[in-house]
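Report on the structure given below.
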Amino acid sequence: MNDLVLLGLLYDGPKHGYQLKREAGFVLGRGDMHNNLVYPLLRKFTKKGWVTKKTVPGERGQTRQQYVLTAKGRRELIRQLQEFGDQDASSDQAFNTRVGMFGLVGPDARVQILGKREAYLKARQKRLHALQTNIDLGTYGAEVVGFLWRQTRSGIVWIARLRQID
Numbered sequence: 418m419n420d421l422v423l424l425g426l427l428y429d430g431p432k433h434g435y436q437l438k439r440e441a442g443f444v445l446g447r448g449d450m451h452n453n454l455v456y457p458l459l460r461k462f463t464k465k466g467w468v469t470k471k472t473v474p475g476e477r478g479q480t481r482q483q484y485v486l487t488a489k490g491r492r493e494l495i496r497q498l499q500e501f502g503d504q505d506a507s508s509d510q511a512f513n514t515r516v517g518m519f520g521l522v523g524p525d526a527r528v529q530i531l532g533k534r535e536a537y538l539k540a541r542q543k544r545l546h547a548l549q550t551n552i553d554l555g556t557y558g559a560e561v562v563g564f565l566w567r568q569t570r571s572g573i574v575w576i577a578r579l580r581q582i583d
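What the sequence shown shows, in this note's numbering, is residues 418 to 583, in sequence order.
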């Protein structure tokens with residue numbers, strides 16, 4: 418997931434490492450992405466030819482590393498976006514990240530991703546319904562399962578809306 422986010426952030430143009438770690442943290446809904454995660458990934462991307470880096474002057478006289486997505490990196494980003502397995506279908510973060518970058522993939526990939534996520538959500542809804550009908554959940558357990566069922570239903574409705582966009 419971190420690969421997708423960092424490569425996606427570079428899609429629109431060059432960025433400094435500090436900017437990447439701040440933006441990645443924001444996209445992922447948490448504080449800055451840690452240096453021990455960002456910079457090893459950037460080194461890996463550079464080694465694979467997905468990203469180039471160059472030294473540029475900073476605002477206060479220092480030098481900074483600027484990272485740029487290569488054509489090979491763009492192809493890799495799109496390949497990773499289109500790769501959407503069962504584990505990804507069950508992950509809100511994996512699904513939302515891909516939807517956020519749906520403009521980079523073709524309609525066939527979008528249909529496939531939406532279909533897998535919808536199938537996962539419908540199966541989850543059945544499991545939650547079985548819990549509600551077959552187990553005494555108590556007051557709070559029933560609240561949790563009801564909340565999850567409504568959340569799952571909302572995801573299915575959102576997928577229907579996303580399908581109408583194309």
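Beta carbons are placed, not taken as given, at the ideal position from N, Cα and C, and that holds for glycine.
query, result
"DSSP three-state assignment for residue 554, whether helix, strand or coil", "coil"
"Local conformation of residue 465 per DSSP, three classes", "coil"
"Residue 393: first and last residue of the uninterrupted alpha helix (DSSP H) it sits in", "No answer is possible for residue 393: it lies beyond the span of the chain, which begins at 418 and ends at 583."
"Those residues which DSSP pairs with residue 481 across a bridge", "473"
"Buried versus exposed, by CB contacts within 10 Å (16 or more), residue 536", "exposed"
"Cβ-Cβ distance between residue 422 and residue 455 below 8 Å", "no"
"Cβ neighbours of residue 572 in the same chain (closer than 7 Å, five flanking residues each side left out)", "538"
"Local Cβ density within 10 Å of residue 567, reported as buried at 16 or more and exposed below that", "exposed"
"Chain-order list of residues whose beta-carbon lies under 6 Å from that of residue 505 (same chain, five-residue window excluded)", "511"
"Start and end residues, alpha helix (DSSP H) containing residue 509", "509-517"
"Residues bridged to residue 539 (per DSSP)", "Note: residue 539 sits in no beta bridge, so no partner."
"Assigned exposure category for residue 540 - 16 Cβ within 10 Å defines buried", "exposed"
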